[in-house]
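Participant:
Residue numbers (full-length UniProt numbering): 1 to 336.
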């Protein structure tokens with residue numbers, strides 16, 4: 001197990017890097033109908049920023065509640081029975097609870113699970129604001145690296161488009177000039193063209209989907225979770241009533257507000273793989289750590305007031321010994 005684990009992470013990362021470098025090499029050496037300097041100033045910078053962002057996703061990681069010592073559960077049974085409570089900053093702002101009204105706990109990691117936190121079976125660890133596990137990164141997309149993941153998709157789509165245009169132009173010129181009657185097609189260039197077609201179509205679709213998700217301020221897991229919930233209501237012959245409109249409480253009210261919440265408020269933050277100003281400003285606070293999230297303005301005050309009252313009541317009726325063993329000091333996480 002200790003020998004296989006590095007290989008499972010190393011192989012997809014090496015493969016992705018090699019595909020990038022191979023396509024760039026073929027473009028620079030097999031295309032003759034386009035000026036070399038033009039290829040250099042378009043292909044190489046796009047390659048560089050895409051690969052940089054790729055490894056930025058990997059190096060940052062998604063974030064985990066295990067990074068915060070005060071989210072560790074001391075007594076799992078006591079936590080399940082409501083005799084041990086999470087840190088106060090989580091209990092006051094957490095809006096995602098279990099069906100019995102108790103706070104969510106990971107049975108595997110033995111940690112409190114903030115809003116939007118899930119346990120990844122592939123990584124075998126809880127992930128903050130988990131979106132999905134990506135095999136091409138051998139890593140999860142979550143709170144800390146989601147911005148860079150979306151940017152990587154955009155860069156890759158643009159890179160595949162450049163490769164497609166340049167290779168099509170070269171092959172089109174070869175065919176229109178009648179060179180196909182005298183020489184064989186360049187199979188290396190043909191292979192790059194076919195790869196670019198496949199990557200462009202697939203990554204473009206995923207890029208559009210990811211941007212849509214960001215503008216709705218919801219994760220892939222939350223989308224499928226909502227679908228399952230609606231299906232369960234139908235199975236139980238629930239006529240929906242007030243539940244018919246199951247809305248996302250993390251939607252901040254507009255696509256731009258949701259976009260800026262993740263990607264930043266300026267063009268430089270949107271385009272470049274850099275930390276957002278909001279993240280830097282909150283570096284020494286519990287904000288912007290993936291432990292709790294803003295909710296829709298029309299429900300935020302009502303929810304937080306309700307959660308505050310519930311938290312004070314729970315802490316009054318919870319036996320003091322369990323409280324002393326679980327002093328607050330970390331920040332919140334998301335759903336399972």
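C-beta: ideal position from N, C-alpha, C; glycine also.
Could you say which of 7, 221, 206, 294 lies nearest to residue 154 if we only look at CA atoms?
Facilitator: Within the chain shown, residue 154 is the residue found at index 154, counting from 1. The shortest C-alpha separation from residue 154 is found at 206.
Participant: By alpha-carbon positions, which one of 204, 294, 191, 259 ends up nearest to residue 23?
Facilitator: Taking the chain shown and counting its residues from 1, the one referred to as residue 23 is at position 23. The shortest Cα separation from residue 23 among 204, 294, 191, 259 belongs to 191.
Participant: Taking Cβ to Cβ, would you say residue 214 is nearer than 9 Å to residue 148?
Facilitator: Numbered from its first residue, the chain shown carries residue 214 at position 214. Numbered from its first residue, the chain shown carries residue 148 at position 148. Contact flag unset, no.
Participant: How long is the line joining the alpha carbons of residue 115 and residue 212, rounded to whole angstroms?
Facilitator: Residue numbering aside, residue 115 sits at position 115 when the chain shown is read from its first letter. Residue numbering aside, residue 212 sits at position 212 when the chain shown is read from its first letter. In a straight line, the C-alpha of residue 115 is about 21 Å away from that of residue 212.
Participant: For residue 167, is the classification buried or exposed, using 16 other Cβ atoms within 10 angstroms of its Cβ as the cut-off for buried?
Facilitator: Locating residue 167 in the chain shown gives position 167, counting from the first residue. With 16 or more other Cβ atoms within 10 Å, it is buried.
Participant: State the Cα-Cα distance for the pair residue 161 and residue 185, rounded to the nearest angstrom.
Facilitator: In the chain shown, residue 161 corresponds to position 161, counting from 1. In the chain shown, residue 185 corresponds to position 185, counting from 1. Going by the C-alpha atoms only, they are around 21 Å apart.
Participant: Under the three-state reduction of DSSP, which class applies to residue 139: helix, strand or coil?
Facilitator: Sequence index remark: in the chain shown, residue 139 carries index 139 (1-based). Reduced to three states, the DSSP call for residue 139 is strand.
Participant: Please report the distance separating the alpha-carbon of residue 12 from that of residue 197.
Facilitator: The count along the chain shown starts at 1 and reaches residue 12 at position 12. The count along the chain shown starts at 1 and reaches residue 197 at position 197. Distance between the alpha carbons of residue 12 and residue 197: 20 Å.
Participant: Is the segment 262-270 in contact with the segment 54-73, if contact means three or more CB pairs nearer than 8 Å?
Facilitator: Put simply, the segment 262-270 does not touch the segment 54-73. Fewer than three CB pairs are less than 8 Å apart.
Participant: Going along the chain, which residues of its own chain have a beta-carbon closer than 6 Å to the beta-carbon of residue 164, five neighbours each way excluded?
Facilitator: Indexing the chain shown from 1 puts residue 164 at position 164. For residue 164, where only same-chain residues beyond five positions count, the Cβ hits under 6 Å are 196, 200.
Participant: Residue 80: which of 102, 174, 88 sits nearest, CA to CA?
Facilitator: The residue given as residue 80 occupies position 80 in the chain shown. Nearest of 102, 174, 88 to residue 80, Cα basis: 102.
Participant: In angstroms, rounded to a whole number, what distance separates the CA positions of residue 159 and residue 106?
Facilitator: The residue labelled residue 159 in the question sits at position 159 within the chain shown. The residue labelled residue 106 in the question sits at position 106 within the chain shown. Spanning the two alpha carbons is a distance of roughly 40 Å.
Participant: Can you give me the Cβ contacts of residue 46 inside the same chain, cut-off strictly under 8 Å, excluding the 5 residues immediately before and after it?
Facilitator: If you number the chain shown from 1, residue 46 lands on position 46. Taken in chain order, the residues that qualify are 155, 158, 159, 162.
Participant: Would you say residue 108 and residue 118 are within 9 Å of each other, going by their C-beta atoms?
Facilitator: By 1-based counting over the chain shown, the position of residue 108 is 108. By 1-based counting over the chain shown, the position of residue 118 is 118. Contact flag unset, no.
Participant: Mind checking which residues open and close the beta strand (DSSP E) that includes residue 126?
Facilitator: On the chain shown, position 126 is the one that residue 126 refers to. Residues 125-127.
Participant: Let me know the secondary structure DSSP gives residue 284 once reduced to three states.
Facilitator: Taking the chain shown and counting its residues from 1, one reaches residue 284 at position 284. In the structure shown, residue 284 sits in coil (DSSP, three-state: anything other than H, G, I, E or B).
Participant: What are the start and end residues of each continuous alpha helix (DSSP H) run of 4 or more residues lying completely inside the segment 4-56, in chain order?
Facilitator: 4-30
Participant: How is residue 215 classed by DSSP in three states: helix, strand or coil?
Facilitator: Numbered from its first residue, the chain shown carries residue 215 at position 215. Helix at residue 215.
Participant: Can you list, in chain order, the residues of its chain with a C-beta nearer than 8 Å to that of residue 110? Leave out the 5 residues immediately preceding and following it.
Facilitator: The residue you call residue 110 lines up with position 110 of the chain shown. Only 72, 73, 76 meet the Cβ criterion.
Participant: Starting from residue 157, trace the alpha helix (DSSP H) in both directions and tell me its first and last residue.
Facilitator: Counting from 1 along the chain shown, the entry for residue 157 is found at position 157. 146-176 is the extent of the alpha helix (DSSP H) around residue 157.
Participant: Give the secondary structure of residue 195 by DSSP, where H, G and I count as helix, E and B as strand, and everything else as coil.
Facilitator: For the purposes of this step, residue 195 is identified with residue 195 of the chain shown, where counting begins at 1. Three-state DSSP puts residue 195 in a helix.
Participant: Rounded C-beta distance between residue 250 and residue 218? I'm assuming under 8 Å.
Facilitator: For the purposes of this step, residue 250 is taken as residue 250 along the chain shown, with counting starting at 1. For the purposes of this step, residue 218 is taken as residue 218 along the chain shown, with counting starting at 1. 7 Å between Cβ atoms; contact.
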